[in-house]
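Structure first, commentary second.
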Ligand code: TXE
């Protein structure tokens, strides 16, 4: 069975403790590879390698850093098919989705920051003829990057690329649930000629590897994407050490669908924003509020199209939904469906596991599930489920739906469907979220600030925001006379 290895100081190495964790294929429920069960000792080695590489990498001309990163991007593109298959096998997502979204986006992340760094300038502030201030922006040193399982290579590279583009060296940890493409990335970085120690990838559990990164005194900056509880734990450890923190956490995103929307576009996109990646995207819209006059029509179309979505083998191009990521996660999602029923909800479609045949019989499949009849403040409508489960509810006024939309502890994204321009802009200002999509979903320009408010996180990724995060500003003031 394939044994993955850590990538430390430019080499693939076994974990110091020589222990491994089973890696499951969610589509079959079978173990198919082994992941290093690394610990503090491996993180220490990785951090030493990153520290040693930093003085040289931080002064390597940005044109050279850019050139190597462009090479990594090209290699990701060249290996698209292999990476897409690996992502699908590791995560359970349809291979078509990995081919269309995850892997091209990982290549774009490297490409985007390889070029962004060439245009990254710092500010100056002239005090007329008295003095001149200018801001130096220097890389911080060793950056800790911790990423989740839902968009494995996509989110892993979204952190690593700006970190190394701006001259930092990195100790990174992918999710132990989906380590494969991070491992393949280490091979591609070697092929691209990334100098040793610039990127180090340590595999293993969050409570061992993630926690060792978070508390390591030589890692002054942590960029994390994952669950809100984990984010709080990281902040608890890192804040008293005064580390720079970027936390991209959970969401419970509302869809506000008004009667004057473009009905077909709203319907089609809402199916996607509900069930893409089996609902395991922090940006998925899981609370769907529909204006009363179109509620019944929307509901019946939405339910009938959701019922028609095929759930099955992720490698089969007709599967719209693959497997959810793990058995534990499947059980968590099913327990939320049970909770919804206990809270008085009616399951309009789905609500159960989907049993497959043959080699897929032990896989983790859940039918797209739509629930109605729940108040906006019940647990089902307040807590992140992170699966193919959405609730629908009618509303009568803009004021009412705004109250529902803003009623959770989360504030990542909101989706508004209306052809009324004034209302769209008004709501965009009033919704408590870091991102508002109007008449679309998941349309992304990598230059825009990305992140959430309230318990959805702290800080922003994307564009120059990330380059600001991964550099430390220093003001220099020169007296002119
Ligand atoms: O995330 P975790 P999990 C949500 C979603 C999901 C829940 C838990 O609701 O059901 O979070 O998922 C590492 N110190 N999201 O358990 O645990 C861990 O190894 C440092 C939302 O997978 O937050 C992994 O690499 N690191 C989400 C990463 O943190 C620790 C995406 C994320 O894992 C750690 C995924 C610790 N103490 C889940 N404990 C989104 N918003 O995109 C764990 N980790």
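Residue numbers (the working numbering): 4 to 484. Beta carbons are placed, not taken as given, at the ideal position from N, Cα and C, and that holds for glycine.
DSSP state of residue i mapped onto helix, strand, coil
i	result
residue 348	coil
residue 287	coil
residue 45	helix
residue 209	helix
residue 62	helix
residue 473	coil
residue 199	coil
residue 36	strand
residue 192	helix
residue 243	helix
residue 30	coil
residue 22	coil
residue 251	strand
residue 204	strand
residue 387	coil
residue 226	strand
residue 482	strand
residue 130	strand
residue 8	coil
residue 280	helix
residue 2	The displayed coordinates of the chain run from 4 to 484. Any statement about residue 2 would go beyond what the structure contains.
residue 396	strand
residue 86	helix
With 16 other Cβ atoms within 10 Å as the buried cut-off, status of residue i
i	result
residue 18	buried
residue 211	buried
residue 481	exposed
residue 332	buried
residue 279	buried
residue 5	exposed
residue 371	buried
residue 104	buried
residue 353	buried
residue 341	exposed
residue 25	exposed
residue 384	buried
residue 448	exposed
residue 321	exposed
residue 68	buried
residue 101	buried
residue 183	buried
Within 9 angstroms, strictly: CB atoms of residue i and residue j
i	j	result
residue 376	residue 413	no
residue 144	residue 218	no
residue 369	residue 356	yes
residue 180	residue 112	no
residue 73	residue 114	yes
residue 253	residue 459	yes
residue 99	residue 70	no
residue 487	residue 262	This structure cannot settle anything about residue 487, because the visible part of the chain is limited to 4 through 484.
residue 222	residue 199	no
residue 404	residue 270	no
residue 317	residue 30	yes
residue 380	residue 417	no
residue 109	residue 156	yes
residue 192	residue 16	no
residue 9	residue 201	no
residue 35	residue 23	no
residue 392	residue 326	no
residue 147	residue 283	no
residue 475	residue 64	no
residue 82	residue 7	no
residue 394	residue 289	yes
residue 365	residue 20	no
residue 153	residue 328	yes
residue 339	residue 386	yes
residue 79	residue 48	no
residue 445	residue 276	yes
Selection from the options that minimises the alpha carbon distance to residue i
i	options	result
residue 467	391, 75, 119	119
residue 437	335, 342, 478, 286	286
residue 139	169, 163, 440, 8	169
residue 422	267, 299, 142, 130	267
residue 430	400, 457, 447	400
residue 337	310, 75, 347, 367	367
residue 419	308, 265, 283	265
residue 216	289, 32, 42, 453	42
residue 46	402, 292, 97, 175	175
The ligand MG heavy atom lying under 8 angstroms from the CB of residue i
i	result
residue 264	The ligand content of the structure shown is limited to the ligand TXE, which means the ligand MG is not among them.
Can you list the alpha helix (DSSP H) stretches of 4 or more residues lying completely in the stretch 94–123, in chain order? 106–119
Could you pull out every unbroken beta strand (DSSP E) segment of at least 3 residues lying fully inside the stretch 405–468, listed in chain order? 416–420, 438–441
Which parts of the stretch 288–363 are runs of the beta strand (DSSP E), unbroken and 3 residues or longer, counting only runs that do not cross its ends? 288–294, 349–352
Which residue spans inside the stretch 147–192 form an unbroken beta strand (DSSP E) run of at least 3? 172–176
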